[in-house]
Amino acid sequence: MNIGIVGGGQLGRMLAQAGAPLNMRFTFLDPSPQPCAAIHGVHLCAEWDDDEAHQALIEASDVITFEFENISAMALSQLAEQRPAFPPAKALETARERGAEKSLFQSLDIAIAPIALVDTQADLERAVDEIGLPAVLKTRTLGYDGKGQKVLRNAEDVPGSVAELGDVPLIMEGFVDFDHEVSAIAVRGRDGEVRVWPLSRNEHRQGILHRAEPQPDHPLQAQAADYATRVLEALDYVGVMAFEFFVTRDGELLANEIAPRVHNSGHWSIEGATTSQFENHLRAISGLPLGDTTRLVPCAMLNIIGALPNRDAVLSVAGAHLHDYHKDPRPGRKIGHVTVLAPDAATLAERTAAVEALLVNDLG
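If you use the working numbering, the sequence shown corresponds to residues 1170 to 1533, in order.
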């Protein structure tokens, strides 16, 4: 089967690696002259909205997906007119616009933090009066890994904030006094079957994911799986979706956002689950049976940010699996990850500490 992927970054690279044993072939559309996924397939070097490139992708593909939300929902709809394309354009459109995303959560009775849509400085000042501070002001479209947002801690942070974020549509979210963050990675097949991996407990640094550790016994697993299923079904979704949550100090689960694709917090599944998020995404969009999402052993994933650690040293740690994305190092850029497996929690803590000491991440 021939798979077309909009985007040629590390997610596309790992999709192709997962698809090789299934005899899948890949074509990537990406404007970069040398995207890291290109080694695993044909690279169409063109802008995201290039009509000729879209036609070439259609002709090369039996089914089309995306690994990065730079494509517009309209363009995805046009691709879907000639080839099966998943996840659906409606899901992409919803996930790209935080106001629509929060409205979907509310319509499905999924708890969220207080919100207000902000288009002007006057809107922001009204929102501050209604919701209070501290709060987080975010662009309603684009923005990831901490980009496109500002924390409003006190009244002095409010003036000029709309202009500072580019005078674009914004959303203000009330501050959540959370205990930790988790993500549910879920997959839905063409036949409507849903499977969910164990909740991942996530640690961020400067807005970028640093560590993700699956926790099959997390007390909110069933509720998170239920929320994820509601969203998947409402969007008639096909493929893998990540659903990020806050867990408050009172044990309440609050929805933060969805990502309509395979996700950084699910990378542990490559070695740590019976079926990885990447293989299950390909199974789903191709109409194949979904695989088991059980965690195999205690494990954790650590991102490599900005600079690669010593390869030999990392691989000398028992249970460590290094993924080098073959991307040029630069500050704040994800250029790889390490998954660490262990027979028990205590050994996992020892091994992840050993790997963490080798990382030269620039996030502090």
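Just so you know, even glycine gets a beta-carbon here, dropped at the ideal spot from N, CA and C.
Among 1430, 1449, 1339, 1202, the one whose alpha carbon lies nearest that of residue 1256: Considering only alpha carbons, the answer is 1430.
Using three-state DSSP, classify residue 1278 as helix, strand or coil. Looking at residue 1278 - three-state DSSP - the assignment turns out to be coil, as it is neither helix nor strand.
For residue 1408, the first and last residue of its enclosing alpha helix (DSSP H): Following the DSSP letters along the chain, one finds residue 1408 in no alpha helix (DSSP H) but inside the beta strand (DSSP E) bounded by residues 1408-1417.
Can you tell me the Cβ-Cβ gap for residue 1464 and residue 1385, rounded? I've got them flagged as a contact below 8 Å. Confirmed, Cβ separation roughly 5 Å.
Given a cut-off of 8 Å on the beta-carbon distance, is the pair residue 1401 and residue 1281 in contact? Between residue 1401 and residue 1281, the C-beta spacing is not below 8 Å.
Can you tell me whether DSSP reads residue 1347 as helix, strand or coil? If DSSP states are grouped into helix, strand and coil, residue 1347 belongs with the strands.
Below 8 Å, can you find three or more Cβ-Cβ pairs linking the stretch 1352-1370 to the stretch 1453-1470? Yes, the stretch 1352-1370 is in contact with the stretch 1453-1470.
So what does DSSP say about residue 1243, is it helix, strand or coil? If DSSP states are grouped into helix, strand and coil, residue 1243 belongs with the helices.
C-alpha gap between residue 1305 and residue 1327, whole angstroms: Approximately 11 Å, taken between the alpha carbons.
When you compare each of 1343, 1232, 1362 to residue 1287 by their alpha carbons, which one comes out closest? Cα-wise, what sits closest to residue 1287 is 1343.
Note the first and the last residue of the continuous alpha helix (DSSP H) segment covering residue 1449. DSSP places residue 1449 in the uninterrupted alpha helix (DSSP H) bounded by 1446-1455.
Based on the DSSP output, what are the partners of residue 1493 in its beta bridges? In the DSSP output, where bridge partners are listed per residue, residue 1493 has 1505.
Given a cut-off of 8 Å on the beta-carbon distance, is the pair residue 1340 and residue 1295 in contact? In this structure, the beta-carbon distance from residue 1340 to residue 1295 does not fall below 8 Å.
Where residue 1244 and residue 1218 are concerned, what is the direct C-alpha to C-alpha distance, given to the nearest angstrom? In this structure, the alpha-carbon of residue 1244 lies about 7 Å from that of residue 1218.
Between the alpha carbons of residue 1267 and residue 1425, how many angstroms are there, rounded? C-alpha separation (whole angstroms): 10 Å.
If you run the structure through DSSP and keep just helix, strand and coil, what is residue 1436? Looking at residue 1436 - three-state DSSP - the assignment turns out to be coil, as it is neither helix nor strand.
Using DSSP bridges, identify the partner residues of residue 1318. 1307, per the DSSP bridge assignment.
Residue 1439 classed as buried or exposed, judged by whether at least 16 other C-beta atoms fall within 10 angstroms: The residue in question, residue 1439, is buried, as its Cβ has 16 or more Cβ neighbours within 10 Å.
Where does residue 1428 sit, in a helix, a strand or coil, going by DSSP? In this structure, residue 1428 counts as strand in the three-state DSSP scheme.
Extract the residue ranges of the beta strand (DSSP E) inside the stretch 1249-1303, only unbroken runs of 3 or more that lie entirely within it. Those beta strand (DSSP E) runs which fall completely within the stretch 1249-1303 and span 3+ residues are 1284-1287.
Can you grab the Cα-Cα spacing for the pair residue 1441 / residue 1466, in whole Å? As the crow flies, the alpha-carbon of residue 1441 is around 6 Å from that of residue 1466.
Skipping 5 residues on each side, what residues in its chain have a beta carbon closer than 6 Å to that of residue 1496? Closer than 6 Å at the Cβ level, and outside the excluded window around residue 1496, lie 1205, 1504.
If you pair each beta-carbon of the stretch 1480-1494 with each one of the stretch 1388-1402, do three or more pairs fall below 8 Å? Not touching, per the Cβ criterion.
Whose C-beta lies closer than 8 Å to the C-beta of residue 1388 among residues of the same chain, with five residues either side of it excluded? Closer than 8 Å at Cβ, skipping near neighbours: 1420.
With a threshold of 7 Å on Cβ separation, who are the neighbours of residue 1506 within its own chain once the five nearest residues in sequence on each side are excluded? Taken in chain order, the residues that qualify are 1436, 1470, 1471, 1472, 1473, 1492.
Is it the case that the Cβ atoms of residue 1222 and residue 1171 are separated by a distance below 8 Å? No. Outside cutoff.
At the level of alpha carbons, what is the spacing between residue 1433 and residue 1180? Computed Cα separation, rounded: 8 Å.
Measure the alpha-carbon distance for residue 1250 versus residue 1408 and round it to whole angstroms. Their backbone Cα atoms lie some 18 Å apart in a straight line.
Can you check which of these residues, 1376, 1234, 1260, is closest to residue 1248 by C-alpha distance? When each option's Cα is compared against that of residue 1248, the closest is 1234.
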